[in-house]
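Beneath this line is the structure, given in structure tokens, with notes to follow.
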Amino acid sequence: MSRQILLELVIRTDWNRIDSVRQAVSHCVAAVFGDVELKDSLPMVSAELLENAFKYGLPDEDVTLSLVSDANEVVLTITNAVAAGSRHLPVLKARLSWLMQFGDPFVAYTAALQQVYDGSGPDAPESGLGLVRIYYEGRCRLVCDTSHAGRVSISAKRSRDAAGSGPGS
Amino acid sequence: MPSVHVSDEAGQLIVVTFDGIMREANPSEWFVPIIRSVHSRAVAQGSSDVALDIRRVTYANAAAWKCFVFWLKTMREDARARYCLCIRCEEAHQWQEIGMPALRAFGGHRLVIEFYRDGQLVRTSGTGLGVAEKSGELRKGERRGKS
Chain C
6 MSRQILLELV
16 IRTDWNRIDS
26 VRQAVSHCVA
36 AVFGDVELKD
46 SLPMVSAELL
56 ENAFKYGLPD
66 EDVTLSLVSD
76 ANEVVLTITN
86 AVAAGSRHLP
96 VLKARLSWLM
106 QFGDPFVAYT
116 AALQQVYDGS
126 GPDAPESGLG
136 LVRIYYEGRC
146 RLVCDTSHAG
156 RVSISAKRSR
166 DAAGSGPGS
Chain Y
5 MPSVHVSDEA
15 GQLIVVTFDG
25 IMREANPSEW
35 FVPIIRSVHS
45 RAVAQGSSDV
55 ALDIRRVTYA
65 NAAAWKCFVF
75 WLKTMREDAR
85 ARYCLCIRCE
95 EAHQWQEIGM
105 PALRAFGGHR
115 LVIEFYRDGQ
125 LVRTSGTGLG
135 VAEKSGELRK
145 GERRGKS
């Protein structure tokens, strides 16, 4: 089947909107797939990625969310503007590289929690725990695209194996 | 932030109950003071158990997870603390069902995770008796599932 767009949103950088988006993704996934687990996991993925976009992106620029699916996977992508030379981009890439060392998402998540445990406290910035949570709890692979100047896209890709029935099943 | 209730009867089991969602950028601003307060009280009372009831928390972000970890660290690194922390979870909430067992590595034998379904305790992750059982909250004769 061809790739189908399930949801596209343009979101103002406003922390209070994250939960509305999370719920929108939940309703969309429930309507399309009727899958309880996916209905919980993809909204979490959207919220965690949006939090990162709002924290580390340019505050006056909108953030876009897309949710697409094909026969093999469901992909949720968040794209936001970043300042030239942003110090957050190298941190993001390093975190994703670190994450991909782990074949077992549970081991990755435990290692990330250990870093939090060993750290200075719950206010320590840029722990990247949300990304690891997406890998473990959301069962998604994460792909970063910085090929467009001034913009960064993070895609969370989840196999359709566990995505229930939906278009193209 | 979620609504928060902390039982305040002296000498009784300390139960911290959250209701709502945890989605703030810095939940530590309200959560950490609660942790410090409850921890101090448990130490002062010589409590053997503290319960954190999150069954009505439908969602928590990664920043909230850091606070859970902070509580475990606070508990384990304070030599005066003798209490076990029991986290009461709702089985239907996937973020709890999947995420909570990962905390076991940090709580050791002093972390008990209870999973409930429709108000009934269905399984416990952790060693020893859960807080509900110790405090008599399970009805007499009620069977407890095993994880």
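Top to bottom, those sequences are chains C and Y. Okay, so the first sequence: first residue is 6 according to the working numbering, each after it adds one. Okay, so the second sequence: first residue is 5 according to the working numbering, each after it adds one. Ideal placement from N, C-alpha and C gives every residue a C-beta, glycine not left out.
- Ala36(C) counts as exposed, since fewer than 16 other beta carbons sit within 10 angstroms of its beta carbon.
- As for any beta strand (DSSP E) of minimum length 3 sitting wholly inside the stretch 6-38 of chain C, the runs are 9-16, ordered along the chain.
- According to DSSP, Phe119(Y) shares a beta bridge with Cys93(Y) and Arg127(Y).
- Using a Cβ-Cβ cut-off of 7 Å, Ser7(Y) is close to nothing in chain C; its nearest Cβ partner there is about 16 Å away.
- Bounds of any beta strand (DSSP E) do not take in Ala88(C), whose DSSP letter is neither H nor E.
- The three-state reading of DSSP puts His93(C) in helix, counting H, G and I together.
- Secondary structure of His9(Y) (DSSP, three-state): strand.
- Counting along the chain, no beta strand (DSSP E) covers Gly103(Y); the unbroken alpha helix (DSSP H) around it starts and ends at Gln98 to Gly103.
- By the neighbour-count criterion, in which 16 or more other beta carbons inside 10 Å mark a residue as buried, Gln100(Y) falls on the buried side.
- A direct Cα-to-Cα measurement between Asp53(Y) and Ala52(C) gives close to 33 Å.
- By the neighbour-count criterion, in which 16 or more other beta carbons inside 10 Å mark a residue as buried, Ala55(Y) falls on the buried side.
- The shortest CA-to-CA distance from Gly50(Y) to any of Leu125(Y), Ile58(Y), Ala83(Y) and Ile91(Y) is the one to Ala83(Y).
- Cα atoms of Asp19(C) and Asn30(Y): separation of roughly 15 Å, rounded to the nearest angstrom.
- For a Cβ distance threshold of 7 Å, nothing in chain C lies close to Cys88(Y): the least Cβ distance comes to about 18 Å.
- The C-alpha of Leu63(C) lies about 47 Å from the C-alpha of Leu17(Y).
- When the Cα atoms are used, Trp75(Y) and Cys33(C) turn out to be separated by approximately 35 Å.
- Residue burial annotation: Met26(Y) is buried, with at least 16 other C-beta atoms found within 10 angstroms of its C-beta.
- In the DSSP annotation of this structure, the continuous segment of the alpha helix (DSSP H) that includes Leu76(Y) starts and ends at Ala66 to Glu81.
- In this structure, the beta-carbon distance from Arg92(Y) to Tyr120(Y) falls below 9 Å.
- Just so you know, the alpha carbons of Leu107(Y) and Thr115(C) end up roughly 8 Å apart.
- Rounded to whole angstroms, Gln120(C) and Ser132(C) show a C-alpha spacing of 8 Å.
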